[in-house]
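What follows is a set of notes on a single structure, which appears directly below.
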């Protein structure tokens with residue numbers, strides 16, 4: 002059975018915040034990256050590095066004392082890379098409202114061999130329609146990213162030749 006999902010939770014402490022009590026976005030991004038790393042490493046059974054993160058948009062503030070639960074799941078794999086869907090839920094522990102989505106993002110992680118070179122990752126077993134749809138959406142994002150990268154490279158070459 003493939004291990005594709007990791008969940009980490011942490012109560013936000015004063016050291017995570019600014020003077021107003023809001024948790025620094027960088028602290029949340031670090032938690033997200035660590036969770037994505039754990040999911041990708043667990044799946045690939047290899048060291049991994051973050052290659053790309055898509056847009057991070059904070060929907061809800063996160064404050065001192067809030068419980069942050071970060072969930073990461075490998076949803077797409079290429080030859081050496083994996084797309085990991087990462088969600089962050091926040092729960093105000095003084096209230097009974099339950100957890101609410103604070104933000105989400107997609108992380109692209111690359112598996113590395115012992116020499117630090119990209120290595121092949123196992124194919125992803127898609128057992129549900131939801132998993133198949135997530136994989137297809139990930140494949141489309143991957144193709145769009147590759148095309149944008151190709152266009153940037155072509156523009157740089159054009160600029161150098163002028």
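In my numbering, the protein residues as written are 2 to 163.
Note that CB positions come from ideal geometry on N, CA and C, so glycine has one too.
Could you work out which residue in the options is closest to residue i when comparing CA atoms only?
| i | options | result |
| --- | --- | --- |
| residue 49 | 74, 14, 100 and 117 | 117 |
| residue 1 | 45, 145 and 6 | The chain is shown only over 2 to 163; residue 1 falls outside these bounds and no answer can be derived. |
| residue 147 | 52, 46, 25 and 8 | 52 |
| residue 24 | 91, 38, 132 and 162 | 91 |
| residue 29 | 149, 68 and 81 | 68 |
| residue 12 | 139, 66 and 123 | 66 |
Does the Cβ of residue i have 16 or more other Cβ atoms within 10 Å, making it buried, or fewer, making it exposed?
| i | result |
| --- | --- |
| residue 14 | exposed |
| residue 108 | buried |
| residue 17 | buried |
| residue 157 | exposed |
Roughly how far, in whole angstroms, is the beta-carbon of residue i from the beta-carbon of residue j, given that I think they are within contact range, below 8 Å?
| i | j | result |
| --- | --- | --- |
| residue 77 | residue 143 | 7 Å |
| residue 101 | residue 61 | 6 Å |
| residue 103 | residue 93 | Between residue 93 and residue 103 the Cβ distance is about 11 Å, and since that is not below 8 Å, they are no contact. |
Given 8 Å as the limit, is there contact between the segment 105-113 and the segment 150-162, that is, 3 or more CB pairs closer than that?
These segments do not touch.
Tell me whether the segment 54-72 and the segment 116-134 touch, counting them as touching only if at least three CB pairs, one residue from each stretch, are closer than 8 Å.
Contact between the segment 54-72 and the segment 116-134 is not established, with fewer than three Cβ pairs separated by less than 8 Å.
Stretch pair the segment 78-89 + the segment 31-45: three plus CB contacts closer than 8 Å
Segments in contact, yes.
So within the segment 24-48, which uninterrupted alpha helix (DSSP H) runs reach at least 4 residues, ignoring any that extend past its ends?
If we require 4 residues or more, the alpha helix (DSSP H) runs fully inside the segment 24-48 come out as 26-45.
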